[in-house]
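Single-structure report; data block below.
There are 2 protein chains.
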Amino acid sequence: MKLKQNINLAVDGIIFGYQDHQLYVLLIKQKYGSQKDKWALPGGFVLDDEKLIDAVKREVKEETGVKVQYLEQLYTFGDDIDRDPRFRVVSVAYFGTVNPKHMELKPTTDALDAQWFSIAKMPKLAFDHNKIIEVALDRLRGKLNYQPIGFNLLDSKFPFSDLEQLYMTILDRDIDRRNFRKKILSFGFLEETDEFHKAGSGRPGKLFKFNSKKYKELEQEGISLEIKFA
Amino acid sequence: MKLKQNINLAVDGIIFGYQDHQLYVLLIKQKYGSQKDKWALPGGFVLDDEKLIDAVKREVKEETGVKVQYLEQLYTFGDDIDRDPRFRVVSVAYFGTVNPKHMELKPTTDALDAQWFSIAKMPKLAFDHNKIIEVALDRLRGKLNYQPIGFNLLDSKFPFSDLEQLYMTILDRDIDRRNFRKKILSFGFLEETDEFHKAGSGRPGKLFKFNSKKYKELEQEGISLEIKFA
DNA sequence: TATATTTGTGTAAAATATACGCATTTGAAG
DNA sequence: CTTCAAATGCGTATATTTTACACAAATATA
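Right, dumping it as structure tokens:
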């Protein structure tokens with residue numbers, strides 16, 4: 455079989471962070487090419503002996519200094535055949551999360567132009583990256599309803615009000631505080647701590663933490679973790 | 455930026471069919487290479503100017519003669535770096551369905567060794583293809599619960615008992631016939647016909663058909679199509 | 001001390017899921 | 001033709017889950 459493909463394989467990372475009731479995504483400024491100076495998703499070409507997910511970790515780290523906590527494959531975009539005149543680029547997109555403690559951008563030589571952008575105020579990005587972010591957002595919203603992915607976006611200890619706010623922000627709708635709490639607690643994968651949240655005013659809320667061991671047990675047992683709320 | 459990647463891009467198709475209360479997947483016998491004579495998923499390398507999904511359609515057609523009705527991207531497998539000694543292969547897997555009318559294998563020159571294998575009796579396949587089929591099955595089972603994908607595996611007109619059986623076969627559990635019927639009908643995307651199913655014995659069942667226009671409307675309105683049953 | 005604010009718990013009503021009874025329509029057996 | 005078994009179609013009672021919302025408790029501030 456003859457084969458001389460002119461296709462290059464890349465990865466892109468759609469990395470979400472959450473702070474001050476806002477969902478953010480990590481972007482870098484393009485340094486070369488036709489889309490120079492436009493903002494784009496971090497990413498780059500895969501090395502020959504490197505797993506796809508490792509390529510994403512490496513590129514994100516190199517370009518922004520951020521170490522990603524959670525990462526999963528999102529979709530492979532490969533139909534924009536004429537994006538680069540030199541060769542066709544097929545890109546495997548990964549979507550991931552970073553908790554608030556690790557959102558800091560460490561400026562290495564290669565990371566001068568990295569920034570967190572609020573989803574609410576997204577600029578026009580290079581290539582089809584706006585579209586890719588929409589796909590990632592859909593996935594994030596979907597996952598929120600049946601997997602405990604929201605906890606990855608919060609500090610390890612958090613009050614219920616923060617979790618509530620996170621769900622409301624990302625899903626863009628109202629949630630009844632009391633029913634939400636009951637439902638989440640009923641799953642049994644949250645653990646009380648003896649610490650309290652120091653709010654500006656009002657009764658301080660107990661801090662909870664996610665017990666991933668317990669969650670894995672529940673998952674094994676095949677228990678439905680579907681989250682619905684008014 | 456220098457770049458001389460030694461990676462080739464392929465696609466694989468996990469094509470499901472359903473007949474006689476059994477779920478089938480389409481396989482071909484490997485003709486070359488280290489895995490010669492083993493059964494494998496249909497697929498092959500992507501042409502430079504061809505969309506990924508078109509590559510799947512083409513390969514499946516070439517290798518088996520089957521025209522796929524429904525196709526969606528499943529996952530990109532690229533971490534088995536040493537699978538081929540000549541170069542690394544990264545493969546984008548698509549999962550699809552064929553209805554019973556189109557399951558016939560047309561023997562073209564290239565399609566002598568294609569066959570439908572029952573999921574219940576799957577042989578050991580080439581590469582990691584057994585694993586890929588498991589991923590596809592998980593997706594199929596998942597989709598069955600919130601999307602009307604089952605209809606793609608049946609004739610356009612079908613009795614309720616067939617739909618029931620399909621769900622029971624794929625999900626591998628019992629379903630209450632009466633509650634299932636009520637639930638599915640309540641969505642409103644099924645249309646009665648005036649034809650009847652000629653069963654061996656017992657009261658003949660009315661044939662229904664899937665109204666995809668109606669379904670799209672419901673989808674637009676954002677109505678939940680979650681299917682649960684006892 | 002009074003008031004606003006946020007948290008924590010409970011409870012009743014509404015909606016949905018589950019279990020299952022039974023009449024209806026057919027083919028086949030007697 | 002009658003009877004029986006098998007599959008379909010429709011209905012209803014019960015259990016479970018979701019939704020709406022009342023109210024007490026704990027804290028900051030005026």
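Just so you know, the sequences run in chain order Z and R. Per my numbering: the first sequence ends with 684, consecutive numbering throughout. Per my numbering: the second sequence ends with 684, consecutive numbering throughout. Think of the CB as a built atom: it goes at the ideal place given N, C-alpha and C, for glycine as much as any other residue. Predicted model, so just to flag it, every value in this text is computed and none were measured.
DSSP state of residue i mapped onto helix, strand, coil
i, result
"Z:A494", "strand"
"Z:Y529", "strand"
"Z:Y548", "strand"
"Z:R632", "helix"
"Z:A590", "helix"
"Z:P554", "helix"
"Z:Y524", "strand"
"Z:F612", "strand"
"R:F581", "coil"
"R:Q674", "helix"
"R:Y472", "strand"
Partners in chain R for residue i, counting only beta-carbon separations shorter than 8 Å
i, result
"Z:N633", "Those do not exist, as Z:N633 stays about 17 Å from chain R at its closest Cβ, beyond 8 Å."
"Z:L463", "Q459, I461, L463, G532, V544"
DSSP bridge partner residues for residue i (one or two, in chain order)
i, result
"R:L481", "R:Q569"
"Z:L644", "Z:F664"
"Z:G659", "Z:H651"
"Z:N462", "Z:V543"
"R:G467", "R:Y548"
"R:F499", "R:A464"
Whole-Å CB distance - residue i paired with residue j, under 8 Å assumed
i, j, result
"Z:A464", "Z:S545", "4 Å"
"Z:L607", "Z:N553", "6 Å"
"Z:E517", "Z:I469", "Incorrect: roughly 11 Å between the Cβ atoms, too far for contact."
"R:F614", "R:G656", "At roughly 13 Å, the Cβ-Cβ gap does not stay under 8 Å, so R:F614 and R:G656 are not in contact."
"R:L480", "R:A568", "7 Å"
"R:L594", "R:F549", "7 Å"
"R:F499", "Z:Q459", "7 Å"
"Z:A547", "Z:L528", "4 Å"
For residue i, the nearest candidate out of the options (CA to CA)
i, options, result
"Z:I586", "Z:S488, Z:T530, Z:K555", "Z:T530"
"Z:Q476", "Z:G532, Z:D616, Z:Y486, Z:K490", "Z:D616"
"R:L639", "R:E675, R:K682, R:G676", "R:K682"
"Z:F641", "Z:N599, Z:L501, Z:E526, Z:V500", "Z:N599"
"Z:G471", "Z:A653, Z:T647, Z:L620", "Z:L620"
"Z:Q601", "Z:Q459, Z:G467, Z:D609, Z:Y524", "Z:Y524"
"R:N462", "R:I535, R:V514, R:D628", "R:I535"
"Z:D592", "Z:I624, Z:K637, Z:R537", "Z:I624"
Cross-chain neighbours of residue i in chain R, by beta carbon under 9 Å
i, result
"Z:Q489", "The premise fails here: Z:Q489 is roughly 14 Å from chain R at the closest Cβ pair, so nothing lies under 9 Å."
"Z:D630", "In chain order: nothing, as chain R lies at least about 18 Å away."
Closer than 7 Å at the beta carbon, the chain R residues around residue i
i, result
"Z:Q527", "Y529, T530"
"Z:D626", "Chain R residues near Z:D626: none, gap ~12 Å exceeds 7 Å."
Chain-ordered neighbours of residue i on chain Z, where CB pairs are closer than 9 Å
i, result
"R:V546", "T530, G532, V544, V546"
"R:N433", "Since the first and last residues shown for chain R are 455 and 684, residue 433 of chain R lies out of range."
Within chain Z, the residues that residue i reaches when beta carbons sit closer than 7 Å
i, result
"R:I535", "D503"
Listed by chain order, chain Z residues near residue i by CB distance under 8 Å
i, result
"R:L506", "T530, G532, D533, V544"
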